[in-house]
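For the sequence shown, counting from 1, position 110 maps to 110 in full-length UniProt numbering; every step adds exactly one.
This report concerns only the one structure given below.
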Amino acid sequence: MKAVLCKAFGPAESLVLEDVASPVAKKNEILLEVHAAGVNFPDTLIIEGKYQFKPPFPFSPGGEAAGVVSAVGEKVSHLKVGDRVMALTGWGSFAEQVAVPGYNVLPIPPSMDFNTAAAFSMTYGTSMHALKQRANLQPGETLLVLGASGGVGLAAVEIGKAMGARVIAAASSAEKLAVAKAAGADELINYSETSLKDEIKRLTDGQGADVIYDPVGGDLFDQAIRAIAWNGRLLVVGFASGRIPELPVNLALLKGAAVLGVFWGSFAQRQPQDNAANFQQLFGWFAEGKLKPLVSQVYPLSNAAQAINDLGQRKAVGKVVVQVR
């Protein structure tokens with residue numbers, strides 16, 4: 001099979017496309033014929049040795065995929081050969097086949113195509129877990145979404161609206177904000193032209209945001225935590241800005257605020273029943289037209305390095321997908 005390989009930590013340009021032996025599914029795994037793979041921020045980190053996990057060389061990046069089950073291990077009972085599925089792989093999806101633990105695989109709705117499915121699991125799974133289990137977002141609360149035109153950001157906008165929140169979308173350009181507006185955002189903040197902190201306070205009559213969804217980190221975290229509401233919750237989702245911020249904990253004390261980490265991958269493994277329930281709700285909203293995943297760019301497997309670069313340089317809106325078949 002063909003696979004994009006990382007043979008040493010480095011930039012995306014160092015990735016190579018080669019023929020390798022097909023994987024074999026273990027007893028608790030399925031073998032997935034990959035049709036499409038989602039590109040996510042962790043892909044930019046894992047190839048440079050900056051992610052939580054460092055797979056042994058050579059490995060393929062790609063943390064999520066969609067395709068067809070071609071083999072099933074004897075300990076996997078909820079899937080069968082021929083099922084159309086989405087899978088959380090961690091790495092390995094930028095290849096024609098990948099072996100995946102059965103608990104990380106979900107059937108996809110009949111109406112969902114493979115490109116959409118490949119763009120769905122990580123972004124919507126992360127944002128649903130963040131807003132439901134971590135923030136306990138309530139109808140009528142104000143949700144601020146930073147990086148609102150990116151994959152997880154757009155998912156948070158849509159899910160926040162579906163949960164009944166008032167959503168303020170923040171992004172770095174008018175073009176990106178137009179995408180967030182189309183996804184349902186009620187208010188918009190262009191933080192390249194105005195003070196994020198001041199705009200949050202203006203739009204909330206000085207009360208601040210009840211829930212802040214932050215996949216960006218850096219200076220935006222510093223401003224947002226200073227405009228959080230009493231009993232507010234700030235969700236730490238990622239650090240796309242490149243800087244991991246530090247929190248003066250007196251700010252949390254003064255607002256009775258909580259800073260909550262969001263690690264959907266571990267949640268999915270530790271609480272599989274809760275994760276499955278989340279996806280049943282997400283699939284229901286998808287069927288109702290409340291969730292409309294935006295796949296802005298599709299790259300062939302041979303251009304996977306360019307896909308990673310474009311995402312890492314924050315050129316993409318919505319999701320970027322590598323089409324394998």
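In this text, a Cβ means the ideal position worked out from N, Cα and C, and glycines have one as well.
Minimum Cα-Cα distance from residue 246 among the listed residues 240, 225 and 253 corresponds to 225. Residue state for residue 285 is assigned as helix, using DSSP reduced to three classes. Here residue 154 really is in contact with residue 180; their C-beta atoms are around 7 Å apart, less than 8 Å. Take residue 185, set aside five residues on each side of it, and the residues of its chain with a beta-carbon closer than 6 Å to its own are 157, 167 and 169, in chain order. Between the alpha carbons of residue 74 and residue 47 lies a distance of about 33 Å. Under the three-state reduction of DSSP output, residue 311 falls in the helix class. Nearest Cα to residue 237 within the set 220, 79 and 140: 220. Only residues of its own chain outside the window of five on either side were considered, and among them 32, 33, 35, 82, 83, 84 and 85 have a CB closer than 8 Å to the CB of residue 68, listed in chain order. Taking the CA atoms as reference points, residue 145 sits about 7 Å from residue 214. For residue 187, the secondary structure class from DSSP, reduced to helix, strand or coil, is strand. Between the stretch 89 to 107 and the stretch 184 to 203 there are fewer than three inter-stretch CB-CB distances shorter than 8 Å, so the stretches are not counted as touching. Burial check for residue 195: the Cβ neighbour count within 10 Å stays below 16, so the residue is exposed. In this structure, the CA atom of residue 40 is about 33 Å from the CA atom of residue 250. Of all alpha-carbon atoms in 275, 42 and 105, the one lying nearest the alpha-carbon of residue 240 is that of 42. One thing to note: residue 2 has its Cβ no nearer than 7 Å to the Cβ of residue 64. By the C-beta criterion, the stretch 283 to 291 is judged to be in contact with the stretch 104 to 114, since at least 3 inter-stretch pairs fall below 8 Å.
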